[in-house]
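Reviewing the structure listed below.
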Amino acid sequence: MAPVSRARRGSMMPAARAVLAALLLAAPLAAGRAEPAPSPPRIKTIAVHARTLDAFKPGDPSQRRFGLLEFRGGLVLTSPHRGFGGLSAIRVDAKGEGFLALSDHGDWFTGRIAYAGQQPVGLTDVKTAPMLGADGAPLAAKGWFDTESLALDGAIAYVGIERVNQIVRFDFAQGGIGSRGSPIKVPPAVSRLPFNKGLEALVFVPPGLPLAGTLIAISERGLDGAGNILGFLIGGPAPGEFSVRRNGGYDVSDATLLPGGDLLLLERRLSLMSGGGIRIRRVRLDSVRPGAVIDGGILFEADLGYEIDNMEGISAHVSPQGETVLTLISDDNFSMIQRTLLLQFTLAEP
Numbered sequence: 153m154a155p156v157s158r159a160r161r162g163s164m165m166p167a168a169r170a171v172l173a174a175l176l177l178a179a180p181l182a183a184g185r186a187e188p189a190p191s192p193p194r195i196k197t198i199a200v201h202a203r204t205l206d207a208f209k210p211g212d213p214s215q216r217r218f219g220l221l222e223f224r225g226g227l228v229l230t231s232p233h234r235g236f237g238g239l240s241a242i243r244v245d246a247k248g249e250g251f252l253a254l255s256d257h258g259d260w261f262t263g264r265i266a267y268a269g270q271q272p273v274g275l276t277d278v279k280t281a282p283m284l285g286a287d288g289a290p291l292a293a294k295g296w297f298d299t300e301s302l303a304l305d306g307a308i309a310y311v312g313i314e315r316v317n318q319i320v321r322f323d324f325a326q327g328g329i330g331s332r333g334s335p336i337k338v339p340p341a342v343s344r345l346p347f348n349k350g351l352e353a354l355v356f357v358p359p360g361l362p363l364a365g366t367l368i369a370i371s372e373r374g375l376d377g378a379g380n381i382l383g384f385l386i387g388g389p390a391p392g393e394f395s396v397r398r399n400g401g402y403d404v405s406d407a408t409l410l411p412g413g414d415l416l417l418l419e420r421r422l423s424l425m426s427g428g429g430i431r432i433r434r435v436r437l438d439s440v441r442p443g444a445v446i447d448g449g450i451l452f453e454a455d456l457g458y459e460i461d462n463m464e465g466i467s468a469h470v471s472p473q474g475e476t477v478l479t480l481i482s483d484d485n486f487s488m489i490q491r492t493l494l495l496q497f498t499l500a501e502p
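The opening position of the sequence shown corresponds to residue 153 in my numbering, with each subsequent residue numbered one higher.
Following this line, the structure appears as C-alpha cells:
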C-alpha cells in the first residue's frame, strides 16, 4: 500500500478501534548491452516528530503498573518522509540510546532515542536507506520487501523476510546500513510456511547462554500438527525445529532475549469479535530445544483500550540504574487510522 500523510492523533475512540481491527484482518534491459553497476545507496537523514504519551491507559497517568511491567513513557512518531512507517522490528543498544529498526518495505532506520530522565521524548539523528542485495540493488526491487524480523550478532545483522521466507545476512562492518546482504541457508521447512504467516521473529543467542551461536527463527502462524506455532533453531549446537504453544488466538510478532537469558515473545491478537490485543510471554531459554513445545508465563497483556497499535517489534536493554527496559515499536501499515508508537516499560521482576 502506498504511504499516505498522517495527522497527529491521540488515543483511539471505540469506532476507530473497530475499524483498526477490521483493517488489520484484511490485512526492460537493452539487448547485448551490460547494465551499469548500481550506484551507492543514498543514506538520507530525515526528520521524525514525536508527541509524548504520559499515560499508557488514556486519561489515567497515575496508573504505571501493568502486569509485571511499569510504564516509562511512549511516543507517537510521524515524519514528512514518505517512507517512514511500517516499522516491524527494532533493536536498541546496551545504553538504551542508539537503535536499528526496519520497515516491512525493505528500509533501514537508525537513530537515537532522546530522554528526559527515564521518559523517552523524541528521536534524533534518524537516517534511512534501502536494504541492498548482493548485487547492490534494493531487495524490494525483486519482491523481497516484507522484511519483518531482525537479529544482531555484533556487527552482523540477520533480517527475516516473511512472504518469501528467506533470511538475509548483512555485515555492518562493510558499510553500516549501506552494506549488502546475502541469503543464508535455511531449513527446508521454512520455505513451506504459509504465505504472509511466515518468519516473524529472529533472535541470535550470544556466547555464555544455552544455544549460544544459534539463530532462533519463529513464524507468525505456521502451525504444526497440533496447532502450535513453528520455530527453527538454525546453526549452533542443536539445530532443529520446535513449537510455541498457541493459545488465546495470539500469533507471534517478535522476540528478544533478556540480559539474563530468558526469551520474551511479543504476541498480538486480531479479531472482529474481540478487537485487537498484545501480550508478552517469558520463556526459559533452556527449554528451547529440538522437538520441544515451549510455553511461558504472561508478563503483560493489553487491548485497544490502552495506548497500543499493531505492535510488531520488541527489544530489551539494561538502564544505567540496573533496570531491565523493554522497547516496543508498532507497524502502522502506512494507514491513516493507525500510528507508529514507541513504548518503553520497566520489567518489575527481572
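Think of the CB as a built atom: it goes at the ideal place given N, C-alpha and C, for glycine as much as any other residue. Keep in mind that this is a model prediction, so the values were computed, not measured.
| Item | Value |
| --- | --- |
| Out of curiosity, what's the CA-to-CA distance linking residue 404 and residue 349? | 10 angstroms |
| Need the endpoints of the beta strand (DSSP E) that residue 403 sits in, please. | 403-409 |
| Suppose you measure from the CA of residue 417 to the CA of residue 447; what does that come to, to the nearest Å? | 10 angstroms |
| Pair every Cβ in the segment 448-463 with every Cβ in the segment 218-237, then say whether three or more of these pairs are closer than 8 angstroms. | yes |
| Can you tell me where the beta strand (DSSP E) holding residue 469 begins and where it ends? | 463-470 |
| Can you give me the start and stop residues for the beta strand (DSSP E) that residue 200 sits inside? | Counting along the chain, residue 200 falls outside any beta strand (DSSP E), and DSSP gives it neither H nor E. |
| Please go through the segment 237-272 and give each complete beta strand (DSSP E) segment of 3 or more residues, from N-terminal end onward. | 239-244, 250-255, 259-268 |
| Would you mind sorting residue 482 into buried or exposed? The rule is 16 or more other CB atoms within 10 Å of its CB. | buried |
| So, using beta-carbon positions, are residue 291 and residue 282 closer together than 9 angstroms? | yes |
| Decide if residue 269 is buried, meaning its Cβ has at least 16 other Cβ atoms within 10 Å, or exposed. | exposed |
| Would you list the one or two residues that DSSP bridges to residue 222? | 217, 498 |
| Within 10 angstroms of its Cβ, does residue 277 collect 16 or more other Cβ (buried), or is it exposed? | exposed |
| Measure the Cβ-Cβ separation of residue 464 and residue 239 and say whether it is below 9 angstroms. | yes |
| Roughly how many whole angstroms lie between the Cα atoms of residue 474 and residue 246? | 11 angstroms |
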